[in-house]
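One structure below.
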Ligand SMILES: [Zn+2]
Ligand SMILES: [Zn+2]
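Numbering (the working numbering), first residue to last: 3 to 343.
Structure, rendered in structure tokens:
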């Protein structure tokens, strides 16, 4: 099987590997599509806390089992112990034993990968594989919505109009909240104009007024925290959805605001199996409106030359598409070995 192996910093090798048979309780999943997430690009550029090289990345995956190519699955990329207190309380994303596909074990930048059978989730009929890869990032967005207890009465502000900013907006709209989106990159904002108009999502390059009940940062600049805290109504919640790319100046001012106005600072990291189930319901509900989030479908050999551009954060999802399941029998995939820097 062809696979893209991250061998070192900024080094991808496209190789032909022998696929190892799945362990007990695992299945071999043939990849139909795997999205390239900004985290994958960051790993390629500078590594990651949970990454051991060499590794096949890819955690936003849609695939099928050889015997039944018509039935598509997506996967919850985690693998938790199932018995610690986090796992027992339905917070398996916080399991200390967590093993993540594409980080701790090989992922979906390959034609086949082995996954725990328990992590498979059926994709609703008719959903394109590239669109189905949005289930994982949407599940993370839904997780943030749950963590922040967003309801239909809330005025929500989202920093960042990238894929995650749009998916958080979608999950908030689905709860009946009113949503505003802000991003200094007006070209980026323009890319979601049709979607925003359809769901009444306001957008501005800079938000300097207004008051909100819940603020999310789907962008890493450190000032999103201080600015977002200022925009909160008394009793409001700030959901730290993205890690901050630096330290905020005068953090004591943020703590003063938390204290005097009874604000809450809430963390959100990854997603649970239930969030993935909820995400598939939403993907199906909004299937006609979210296709624009898949900006481009590409071949696996194109990844090494374009991965750097993902880092700029100016693009929606780029999705690697493998052999089309429906034409699999008529187009056996290549078995040539290629090395690419
Ligand atoms: Zn991701
Ligand atoms: Zn656990």
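Cβ coordinates follow ideal geometry from the N, Cα and C atoms, glycine included.
Under 8 angstroms between C-beta atoms of residue 168 and residue 112: Working through the chain shown from its first residue, we reach residue 168 at position 166. Working through the chain shown from its first residue, we reach residue 112 at position 110. In this structure, residue 112 does not lie closer than 8 angstroms to residue 168 by Cβ.
Cβ-Cβ distance between residue 218 and residue 146 below 8 angstroms: For the purposes of this step, residue 218 is taken as residue 216 along the chain shown, with counting starting at 1. For the purposes of this step, residue 146 is taken as residue 144 along the chain shown, with counting starting at 1. Yes, these two residues count as a Cβ contact at 8 angstroms.
6 angstroms Cβ shell around residue 237 - same chain, five flanking residues per side excluded: Position 235 of the chain shown, counted from the first residue, corresponds to residue 237. So the list reads 264, once near-sequence residues are dropped.
Heavy atom of ligand 1 within 7 angstroms of residue 314 beta-carbon: In the chain shown, the residue the question calls residue 314 occupies position 312. Flag unset: Cβ of residue 314 not near ligand 1.
Residues of its chain near residue 53, where Cβ-Cβ distance is below 6 angstroms and the 5 sequence neighbours each way are ignored: Counted from its first residue, the chain shown places residue 53 at position 51. Taken in chain order, the residues that qualify are 45 and 105.
Ligand 2 heavy atom lying under 7 angstroms from the CB of residue 272: On the chain shown, residue 272 is found 270 positions in, with the first residue counted as 1. Checking every heavy atom of ligand 2 against the Cβ of residue 272, none is found closer than 7 angstroms.
Option nearest residue 28 by Cα separation, candidates 118, 4 and 49: The residue given as residue 28 occupies position 26 in the chain shown. Nearest C-alpha to residue 28: 118.
Distance between residue 115 and residue 16 (C-alpha atoms, nearest Å): Taking the first residue of the chain shown as 1, we reach residue 16 at position 14. Taking the first residue of the chain shown as 1, we reach residue 115 at position 113. For residue 16 and residue 115, the distance between alpha carbons rounds to 15 angstroms.
Neighbourhood of residue 347 by C-beta distance below 6 angstroms, restricted to the same chain and skipping five residues each side: In the structure displayed, the chain extends from 3 to 343; residue 347 sits before or after that span and is not available.
Sub-8 angstroms separation of residue 123 and residue 67 beta-carbons: Locating residue 123 in the chain shown gives position 121, counting from the first residue. Locating residue 67 in the chain shown gives position 65, counting from the first residue. With respect to the 8 angstroms criterion, residue 123 and residue 67 are not classified as neighbours on the basis of their beta carbons.
Outcome for residue 251 when other beta-carbon atoms lying within 10 angstroms are tallied against a minimum of 16: Your numbering for residue 251 matches position 249 in the chain shown. Per the 10 Å Cβ criterion, exposed.
Residues proximal to ligand 2 by C-beta, any heavy atom closer than 7 angstroms: Sorted by position in the chain, 82, 83, 84, 85, 86, 88, 89, 94, 97, 98 and 99 make up the residues whose C-beta lies under 7 angstroms from a heavy atom of ligand 2.
Classification of residue 320 by the beta-carbon crowding that lies within 10 angstroms, buried from 16 upward: Indexing the chain shown from 1 puts residue 320 at position 318. Classification of residue 320: buried, given that the 10 Å Cβ count is 16 or more.
Endpoints, the beta strand (DSSP E) within which residue 281 is located: Within the chain shown, the letter at position 279 stands for residue 281. Run containing residue 281: none in the beta strand (DSSP E); it sits in the alpha helix (DSSP H), 275–287.
Secondary structure of residue 123, DSSP reduced to three states: Within the chain shown, numbered from 1, the residue matching residue 123 stands at position 121. Strand.
Under the three-state DSSP convention, the category residue 184 falls into: In the chain shown, counting from the first residue as 1, residue 184 sits at position 182. DSSP places residue 184 in strand when its eight states are reduced to three.
Secondary structure of residue 337, DSSP reduced to three states: Translated into positions along the chain shown, residue 337 becomes position 335. Low confidence applies to residue 337: its pLDDT is 35, below 50, so where it sits in the model is not reliable, and the reading given next is rough at best. Note: residue 337 maps to coil in three-state DSSP.
With 16 other Cβ atoms within 10 Å as the buried cut-off, status of residue 214: Position 212 of the chain shown holds residue 214. Counting of Cβ neighbours within 10 angstroms places residue 214 among the buried residues, the total reaching 16 or more.
DSSP three-state assignment for residue 139, whether helix, strand or coil: For the purposes of this step, residue 139 is taken as residue 137 along the chain shown, with counting starting at 1. The answer is helix: DSSP assigns residue 139 an H, G or I state.
Pair within 8 angstroms by beta-carbon distance, residue 246 and residue 224: Here residue 246 refers to the residue found at position 244 when the chain shown is read from its first residue. Here residue 224 refers to the residue found at position 222 when the chain shown is read from its first residue. At the C-beta level, residue 246 and residue 224 come within 8 angstroms of one another.
N- and C-terminal bounds of the beta strand (DSSP E) containing residue 321: As a position in the chain shown, residue 321 is number 319, starting the count at 1. Looking at the DSSP string, the run of the beta strand (DSSP E) that includes residue 321 is 319–323.
Any non-hydrogen atom of ligand 1 closer than 7 angstroms to residue 253 Cβ: As a position in the chain shown, residue 253 is number 251, starting the count at 1. Residue 253 has its Cβ no nearer than 7 angstroms to any heavy atom of ligand 1.
Three-pair Cβ contact test at 8 angstroms for the region 157–175 versus the region 273–293: Yes, since at least three Cβ pairs between the region 157–175 and the region 273–293 fall closer than 8 angstroms, the two stretches touch.
Classification of residue 2 by the beta-carbon crowding that lies within 10 angstroms, buried from 16 upward: Since the first residue shown for the chain is 3 and the last is 343, residue 2 is missing from the structure and cannot be characterised.
Nearest-angstrom Cα separation, counted from residue 87 out to residue 50: Numbered from its first residue, the chain shown carries residue 50 at position 48. Numbered from its first residue, the chain shown carries residue 87 at position 85. Distance between the alpha carbons of residue 50 and residue 87 is about 26 angstroms.
Spatial distance of residue 163 from residue 94 (CA atoms): As a position in the chain shown, residue 163 is number 161, starting the count at 1. As a position in the chain shown, residue 94 is number 92, starting the count at 1. Taking the straight line from one Cα to the other gives about 28 angstroms.
Own chain residues within Cβ distance below 7 angstroms of residue 248, not counting five before or after: The count along the chain shown starts at 1 and reaches residue 248 at position 246. If we look at residue 248 and ignore the five residues flanking it on each side, its Cβ neighbours are 224.
Cut-off 6 angstroms between Cβ atoms - residues of its own chain near residue 178, not counting five sequence neighbours on either side: Taking the chain shown and counting its residues from 1, the one referred to as residue 178 is at position 176. Counting only Cβ-Cβ distances below 6 angstroms, and skipping sequence neighbours, we find 154.
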